[in-house]
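Numbering (my numbering), first residue to last: 4 to 175. A short worksheet on the structure shown next.
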């Protein structure tokens, strides 16, 4: 229960930061995608179920705030959470390289699917423009911000795990 409440709180905080502070810190009309970092990190640390849960919640926030189609981003973020959860066995808290690679892949895949579903199907065939002006700058900006954000999420996750272990030993 504590884990779910903390994850919901993290999702709300990341969403609010993404639509307020980081919108003000846009570089070349691009801001980092904090929700991708959150979904990828929690899925990677805690497995498929947590990835799907936080992915759905993050996607729902994006759907309600930005999307003309309800459910599109929820589905995409859930898939990202599941995808990252598949790599839980490769998670080591001391290694930051693999999580950064997974965050980059997740951001890239999300942007590819958004391009296909929202632009390509409408006949917009300017993939080069979209990639050069939106995908790559967002990917770089997200990776720069994710270094700090990932470490914060990791520390929070470790504290939750130690709390759950103490609680289990107390009642177990």
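All C-beta atoms in this analysis are idealised placements derived from N, C-alpha and C, irrespective of residue type, glycine included. Quick caveat: nothing in here was measured; it's all calculated off a predicted structure.
- Around the CB of residue 21, 16 or more other CB atoms lie within 10 Å, so the residue is classed as buried.
- Counting other Cβ atoms within 10 Å of its Cβ, residue 38 reaches 16 or more and is therefore classed as buried.
- Beyond the five residues adjoining it in sequence on each side, residue 60 comes within less than 6 Å, by CB distance, of 14 in the same chain, given in chain order.
- By the neighbour-count criterion, in which 16 or more other beta carbons inside 10 Å mark a residue as buried, residue 44 falls on the buried side.
- Apart from the 5 residues on each side of it in sequence, residue 151 has no Cβ closer than 7 Å to any other Cβ in its chain.
- By the neighbour-count definition (other C-beta atoms within 10 Å, threshold 16), residue 62 is a buried residue.
- With 16 or more other Cβ atoms from the protein chains shown falling within 10 Å of its own Cβ, residue 10 counts as buried.
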